[in-house]
Amino acid sequence: MSIQVYIDGEFYAKEEAKISVYDHGLLYGDGVFEGIRSYCGTVFRMKEHLDRLWDSAKAIAIEIPMTKEAMGDAIYATLKQNNFTDAYIRLVVTRGVGDLGLNPMNCKTPSVIIITDKIQLYPTEYYEDGMELVTASTVRIHPMSISPRVKSLNYLNNIMAKLEGLKAGCVEALMTNVRGEVAECTGDNIFIVKRGRLLTPPVDAGILEGVTRNFVIELAKREGVEVCEVPLTKYDMYVADECFLTGTAAEAVPITKLDGRTIGDGRPGPITKKLLDCFRKEVRCK
Ligand SMILES: Cc1ncc(COP(=O)(O)O)c(C=O)c1O
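Just so we're aligned, residue 20 is where the sequence shown starts under our numbering, counting upward by one.
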């Protein structure tokens, strides 16, 4: 049977799951979204994801037309419709149907879409041998324009950087902010290890505050690793002992090369491996 997609309280087969061409989510990228995972039938960090979705929506003046509790129930109902226990969940809230002008006030009701599908993971080799990154010339959007903390439907900034990465043979790319500091990757947060300390850019470096990022910070502290949220430069990246990315789909993936330069000894480092191991133990079926 086809994947069933939730749109505004109804389920539709994937092929029939459609929205209006007048929806401002399509016309202007006016809306917000979340990428979530379920492991063994439990939605991972649902509260954190729903809080971020509600904050993203509030930041761009969209009122989500349901409660967080009802959204949680709708997520579980969508998983159940599809018999999924381990899945990727995409929540989308669009501004809704309006006219061809920009005016969001002409859009009466936001639409809520829930798509569940099989999770697409990075290949196993990346976790065992590490992955390579390049720095994109496309700079992460200025927080005074649209805050990168808003997970909006307008991902062109990230897509342009991703394209640069792909053209250079890398599936992810590092983005800097307008000050030239390290921000994040196109769909993942970034960490380095230097002399046993775990370092990551602070939220005001202009990043999305990743749910996985925050979880990994918690795990590291629990394991007795000192964690510092500090501005980082390309220098810090090049002289790092270890580097890894975090994200809902990636979990934690080691980075062993950046801009053609070897990071550390060119192998996934011990702290990276330990945190990835702790992560898996926490989320996988007990
Ligand atoms: C730009 C960006 N940064 C970081 C992340 C990682 O966030 P999370 O761990 O919540 O998936 C994502 C993924 O959603 C992202 O799109």
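Every residue gets a Cβ at the ideal spot worked out from N, C-alpha and C, and that includes glycine.
In the same chain as Asn208, and ignoring 5 residues on each side of it, the C-beta atoms closer than 6 Å to its own belong to Gly229, Arg232, Thr265, in chain order. Taking C-alpha positions only, Val111 is separated from Tyr47 by approximately 14 Å. For Gly44, the three-state secondary structure derived from DSSP is helix. Leu251 sits close to Glu200, with the two beta carbons spaced by under 9 Å. The beta carbons of Ile108 and Thr135 sit closer together than 9 Å. Within 8 Å of the C-beta of Ile226 there is at least one heavy atom belonging to ligand 1. Counting C-beta atoms within 10 angstroms of its own C-beta, Ile178 has fewer than 16 neighbours from the protein chains shown and is therefore classed as exposed.
Taking the Cβ of Ala268 as the reference point, at least one heavy atom of ligand 1 falls within a distance shorter than 8 Å.
One thing to note: Pro167 has its Cβ within 9 Å of the Cβ of Ile226. Where Gln139 is concerned, there is no enclosing alpha helix (DSSP H), because DSSP gives it neither an H nor an E. In this chain, the beta strand (DSSP E) harbouring Leu193 covers 191–195. The beta carbon of His161 is closer than 6 Å to those of Val197 in its chain, skipping five residues each way along the sequence. Where Tyr95 is concerned, the enclosing alpha helix (DSSP H) starts and stops at 87–100. Bridge pairing for Pro273: Phe263 [DSSP]. Counting the other CB atoms within 10 Å of its CB gives Ser21 a total below 16, which places it among the exposed residues.
In the structure shown, the three-state DSSP call for Thr128 is coil. Non-local C-beta neighbours of Asp92 in its own chain, meaning closer than 6 Å and more than five positions away in sequence, are absent. The Cβ neighbour count for Gln23, taken over all protein chains shown within 10 Å, is at least 16; the residue is labelled buried. By the Cβ rule, the stretch 233–243 does not count as touching the stretch 272–286, because fewer than three pairs are nearer than 8 Å. DSSP places Tyr107 in the strand class (E or B) of the three-state scheme. DSSP, reduced to helix, strand and coil, places Gly54 within a strand of the structure shown.
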